[in-house]
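Using my numbering, the letters of the sequence shown map in sequence onto residues 123 to 398.
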Amino acid sequence: MADTPASTATTRTITVDGPVVDDTLENPGDHDWFAVTLVAGQTYTFVTASISGTNDYSTDTTLALRDPSGHLIAFNDDYDNPPGQMSKITFTATTSGTYYLDVGGYNDGASGDYRLSAFTAAPTALPVYDNDEIALQLTDGYWDGDAHHWDVAPGGTIDVYMGALESSGQFLARTALDLWSDATGIVFAEVGSAAAADIDFTDDQQGAFTNMAWSNGLMTQATVNISLTWRFGRSHPRLRPERGRHHRPVRHRCHRRRDGRSIHLHRRCRLQRNGG
Ligand SMILES: [Ca+2]
Ligand SMILES: [Ca+2]
Ligand SMILES: [Ca+2]
């Protein structure tokens with residue numbers, strides 16, 4: 123077989139999770155480059171072996187991973203020394219494209235046959251938790267045991283302010299709070315200012331987080347921020363009608379909770395009721 127070139131002009135390729143490639147470092151100083159197609163976000167393992175498939179002393183390889191321009195981005199000589207002298211690279215691609223695997227001999231002094239393989243790394247298994255363990259993590263574990271809660275029972279009220287949110291954010295916040303009300307019986311009453319609220323909803327800071335104040339296990343004030351970018355996963359902050367679809371504004375219904383325990387009204391409904 124003709125020697126494999128050592129540049130981005132190589133015509134040799136290796137397929138991830140495909141057949142292994144057997145080749146030769148014909149003389150000291152030889153390098154062989156193999157083009158490999160990688161996908162962003164995927165983790166790969168590239169490994170050399172002897173032709174018999176073992177990590178032995180048959181050929182003391184080195185392995186380099188090169189970017190689409192041929193620049194070095196990772197290198198390994200021996201991955202398990204002692205006893206082996208073969209080479210392995212694990213790499214997570216951040217950009218999809220054609221990369222190059224560069225096989226050489228140790229210190230440009232080794233030569234001989236080698237086997238090259240490329241495969242996707244098995245994802246690390248995630249731990250499994252039951253509902254009680256998840257709940258304990260949320261109430262205690264995350265806070266290093268410093269659990270805290272609102273001083274409120276089913277039927278009680280927490281005041282919230284979402285006047286700083288744009289309309290789609292208000293809709294999402296009300297929908298979420300309605301679900302919390304259904305599950306807990308706690309009423310979320312909208313008030314007219316952040317200063318008057320127990321929970322202040324904002325969307326003007328990066329990311330999604332909650333800042334809370336509490337003492338002796340009782341929360342006194344919280345700010346919940348969910349940025350527009352975090353919600354939509356892009357920089358454009360506004361909800362827009364999808365092209366080709368009729369855009370309907372969200373309507374708020376004035377309704378009484380089914381259990382009659384409390385009245386949960388949108389501000390606009392309260393205005394209507396009060397003749398505003
Ligand atoms: Ca060669
Ligand atoms: Ca070569
Ligand atoms: Ca080596």
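Where a beta carbon is used, it is the ideal one built from N, C-alpha and C, also for glycine.
Since this is a predicted model, take the numbers as computed values, not measurements.
Have a look at residue i and residue j and give me their C-alpha separation to the nearest angstrom.
i    : j    : result
V350 : D325 : A small fix is needed here, since residue 350 is Leu in this sequence, not Val. For L350 and D325, the distance between alpha carbons rounds to 6 Å.
D154 : Y166 : 19 Å
T345 : F323 : 6 Å
M100 : A162 : Any question about residue 100 goes unanswered here, given that the chain covers just 123 to 398.
D139 : K210 : 15 Å
A215 : T137 : 15 Å
Y179 : G206 : 6 Å
D262 : A247 : 25 Å
V142 : V250 : 35 Å
G307 : S290 : 25 Å
G382 : F213 : Residue placement at G382 is flagged as unreliable, the pLDDT there being 37, under the threshold of 50; the coordinate-derived value follows with that caveat. The straight-line gap from Cα to Cα measures roughly 59 Å.
T181 : D200 : 11 Å
A269 : G339 : 6 Å
N333 : S191 : 46 Å
G267 : R296 : 30 Å
D273 : A311 : 15 Å
D281 : I256 : 27 Å
L299 : N347 : 15 Å
I321 : D252 : 29 Å
F197 : G226 : 11 Å
S337 : W265 : 13 Å
I195 : L260 : 40 Å
Please check the pair residue i and residue j, which I expect to be a contact at CB under 8 Å, by giving their CB distance rounded to whole angstroms.
i    : j    : result
A434 : T183 : Lying outside 123 to 398, the shown extent of the chain, residue 434 is not represented and no answer is given.
N177 : D202 : 6 Å
S283 : A319 : Position check: residue 283 holds Tyr in this sequence, whereas Ser was assumed. Contact holds; Cβ gap of about 4 Å.
T146 : Y222 : So it is not a contact: roughly 18 Å between Cβ atoms.
Considering residue i, what are the terminal residues of the beta strand (DSSP E) in which it resides?
i    : result
E312 : 309 to 312
A344 : 340 to 348
Y236 : 234 to 242
W155 : 153 to 160
D281 : 279 to 283
Considering only their Cβ atoms, is the gap separating residue j from residue i smaller than 8 Å?
i    : j    : result
Y224 : A186 : For clarity, residue 224 is Asp in the given sequence; the question names Tyr instead. Against a cut-off of 8 Å, the Cβ pair of A186 and D224 comes out as a contact.
D144 : D235 : yes
T242 : Q164 : yes
P127 : G231 : no
G175 : R237 : yes
L258 : S218 : no
V313 : T279 : no
W400 : A330 : No answer is possible for residue 400: the residues shown for the chain start at 123 and end at 398.
F293 : A240 : no
Mind checking which residues open and close the alpha helix (DSSP H) that includes residue i?
i    : result
G227 : Not the alpha helix (DSSP H): G227 falls in the beta strand (DSSP E), residues 219 to 227.
S290 : 289 to 306
T261 : 253 to 261
Ligand 3 site residues, beta-carbon cut 7 Å against heavy atoms | D182, T183, T184, D199, D200, Q207, M208, S209, Y228
Listed in chain order, which residues are found with a beta carbon closer than 6 Å to a heavy atom of ligand 1?
-> D125, T126, D145, T146, L147, E148, D152, D154
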